[in-house]
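For the sequence shown, position 162 (counting from the first letter as 1) is numbered 432 according to the working numbering, and the numbering increases by one without interruption.
For glycine and all other residues, C-beta sits at the position ideal for the given N, C-alpha and C.
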Amino acid sequence: MKRTSLFLFMVWESVALATPQAPFSKGMNLTGWFQKSNARQIHLYQYTPEDFRAIKAMGCDHIRLPMDLHHMAGPGPEFQLDTLFLALLDQVVDWAEAEGLFIILDNHTFDPAVDTKPDVEPILTACWRQMAQHFKNRSSLVLYEVLNEPHGISDGVWNAIQGRVIEAIRQEDPSHPIVVGPANWNSYANLSLMPAYSDTNLIYTFHFYDPMLFTHQGATWTSPGVQIAGVPFPYDALRMPPMPASFSGTWLESAYRNYSNEGTENYIRSKIDMAVQFMAGRKVPVWCGEFGVYNLYAQSEDRARWMRVVRTKFEEHGIPWTLWEYRGGFGIFEKGTSGNIETDVDTLVTNALGLTPPIQKEPVAEPDTVGIMLYDDFIGSGLLEESWTNNGVIDYYSTESPYRGTYCIRMTGHGQYGNLSFRFSRIRDFSLLVERGFLLDLWIRCDSPTTRLDIRFEDTKTEDPEDHP
271 MKRTSLFLFM VWESVALATP QAPFSKGMNL TGWFQKSNAR QIHLYQYTPE
321 DFRAIKAMGC DHIRLPMDLH HMAGPGPEFQ LDTLFLALLD QVVDWAEAEG
371 LFIILDNHTF DPAVDTKPDV EPILTACWRQ MAQHFKNRSS LVLYEVLNEP
421 HGISDGVWNA IQGRVIEAIR QEDPSHPIVV GPANWNSYAN LSLMPAYSDT
471 NLIYTFHFYD PMLFTHQGAT WTSPGVQIAG VPFPYDALRM PPMPASFSGT
521 WLESAYRNYS NEGTENYIRS KIDMAVQFMA GRKVPVWCGE FGVYNLYAQS
571 EDRARWMRVV RTKFEEHGIP WTLWEYRGGF GIFEKGTSGN IETDVDTLVT
621 NALGLTPPIQ KEPVAEPDTV GIMLYDDFIG SGLLEESWTN NGVIDYYSTE
671 SPYRGTYCIR MTGHGQYGNL SFRFSRIRDF SLLVERGFLL DLWIRCDSPT
721 TRLDIRFEDT KTEDPEDHP
């Protein structure tokens with residue numbers, strides 16, 4: 271009897287001391303989708319249910335959805351969220367729930383060139399109060415992330431604001447997990463400066479891009495831009511490119527000169543250990559919401575080596591991760607491709623991440639045999655929107671006298687050369703459709719008799735000088 275009691279006590283103690291874990295493990299950021307200036311610019315089928323199924327089939331169990339949440343709100347003090355935004359977001363949450371994928375609703379209202387100001391609190395609180403009210407009855411697959419990468423604001427001020435936002439969310443929704451993060455760009459180094467919030471249903475996030483000289487080579491959005499190509503990982507003196515003169519006197523000069531120490535597996539593991547120590551000391555779940563390598567100049571083999579080091583270190587310590595990003599310059603697809611899961615995956619990268627995409631096929635541009643819907647209430651799937659408004663406005667969800675359906679596209683205030691433009695995400699062969707007499711068919715209504723319009727259907731891939739446009 272004594273032995274049994276001792277055994278039960280030891281098991282209870284072990285469980286009690288265990289660090290709580292997030293309910294997910296591997297995932298993808300679906301970028302550029304809800305990162306718009308307003309809800310009427312969102313292209314719902316930029317990603318599709320097929321993408322969600324592909325992500326799950328590879329071995330992922332969640333997605334993170336970056337949203338320019340504050341841009342979806344009206345003026346203060348109410349900061350009323352656009353009902354169109356909520357309707358579109360509901361559709362995305364439906365897709366995630368249908369596949370059993372966790373979905374982190376990430377408030378990504380973020381400009382790297384603009385500091386996070388203390389006066390962000392009113393709109394931050396108002397938006398999250400409404401989001402919590404709207405999603406409180408959704409499944410446990412939904413999570414809220416307060417704000418992506420606050421920066422240029424002190425830890426103390428940010429931590430206090432974040433605490434009050436947590437309280438506002440809990441007044442509406444007591445059950446869904448909330449993701450919180452530190453100041454200084456969600457740095458792992460600032461996790462320890464966060465308070466011990468009293469809410470017990472929080473997940474603490476950090477981002478990881480060290481060393482920046484490698485992961486961001488070619489980036490133009492940093493200050494200054496990381497205009498260097500071919501930086502290897504790990505460090506290899508024989509492969510290192512010369513330091514550009516533009517680095518002199520900037521943080522990049524230091525990054526370049528220290529790369530022999532920082533471009534190593536040991537350096538990376540030591541930095542991630544800061545998050546590991548925070549997780550163990552606080553006994554709270556920790557999650558890396560972003561990590562990755564820009565593919566503009568980094569070699570695939572080097573990207574894969576870096577990702578394997580980072581991913582395996584995370585998994586050693588039970589830290590879930592979300593790659594930045596699924597498609598795009600930091601994504602899993604070959605550079606310059608359309609991101610087709612069956613033909614375009616960079617398998618060096620997915621192998622390094624421990625993911626299992628479909629066995630890749632050679633891409634074949636077979637002729638289209640049926641017509642294509644470019645717009646019918648929503649922009650069609652397989653299209654990329656590339657319009658230039660020239661100070662005008664395009665509303666993809668206008669309800670003003672649509673020819674049919676619920677919505678139409680409305681263009682107002684465009685100057686010369688302003689355009690509504692779409693590009694097919696992959697090469698298409700319309701030769702068979704041409705033989706069958708297919709046409710570009712659309713309806714236009716204009717309230718200005720002097721307006722001049724050009725309608726172009728261009729073949730940007732042909733070498734035939736007579737076939738453009």
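For F355, the secondary structure class from DSSP, reduced to helix, strand or coil, is helix.
Contiguous beta strand (DSSP E) elements confined to the region 312 to 394 occur at 332 to 337, 372 to 377, taking only those with 3 or more residues. DSSP places M577 in the uninterrupted alpha helix (DSSP H) bounded by 570 to 586. With respect to G329, G624 sits close: the two C-beta atoms are nearer than 9 Å.
Taking the Cα positions, T682 is about 7 Å away from I664. Each residue's CA atom was taken as its position, placing N565 and V615 some 13 Å apart.
Note on I714: under 16 other CB atoms within 10 angstroms of its CB, so exposed under the neighbour-count rule. With contacts defined as CB atoms closer than 9 Å, I439 and I431 fail to qualify as a contacting pair. Per DSSP, the beta-bridge partners of M681 are I664. In the structure shown, the three-state DSSP call for K541 is helix. Restricting attention to G500, D543, P494, R509, the CA atom closest to the CA of G519 is found in P494. Under the rule that a run must span 4 or more residues, the alpha helix (DSSP H) segments found entirely inside the region 509 to 542 read 521 to 527, 529 to 532.
Annotated as distal: E369 and K406, with beta-carbon spacing of 9 Å or more.
In this structure, the alpha-carbon of S424 lies about 18 Å from that of H477. Here N299 is bridged, per DSSP, to R334.
The distance from the Cβ of H313 to that of L356 is about 17 Å, inconsistent with a contact at the 8 Å cut-off. Nearest in C-alpha terms to Y666, of all of Q305, D360, Q311, is Q311.
A residue is called buried when at least 16 other Cβ atoms come within 10 angstroms of its Cβ; P590 meets this threshold and is buried.
Note: D646 is bridge-paired with F648 in the DSSP secondary-structure output. Ranked by Cα distance from L472, the first of G641, L359, F727, S445 is S445. For P481, the closest of Y687, I538, I498 by C-alpha to C-alpha distance is I538.
The Cβ neighbour count for R581, taken over all protein chains shown within 10 Å, is at least 16; the residue is labelled buried.
Here DSSP, grouped into helix, strand and coil, assigns S718 to coil.
Between the alpha carbons of T534 and D506 lies a distance of about 10 Å. Rounded to the nearest whole angstrom, the CA to CA distance from K541 to P452 is 16 Å.
When the Cα atoms are used, D364 and N377 turn out to be separated by approximately 19 Å. The beta carbon of W576 sits closer than 6 Å to those of F503, V563, all from its chain and outside the five residues before and after it, given in chain order. In this structure, A343 sits near A396, with a CB-CB distance shorter than 9 Å.
Under the DSSP definition of a beta bridge, R693 partners with L654. Within its own chain, no residue has a Cβ closer than 7 Å to the Cβ of R706 once the five positions on either side in sequence are excluded.
Put simply, of G688, E348, S524, G422 the residue whose alpha carbon is nearest the alpha carbon of T386 is G422.
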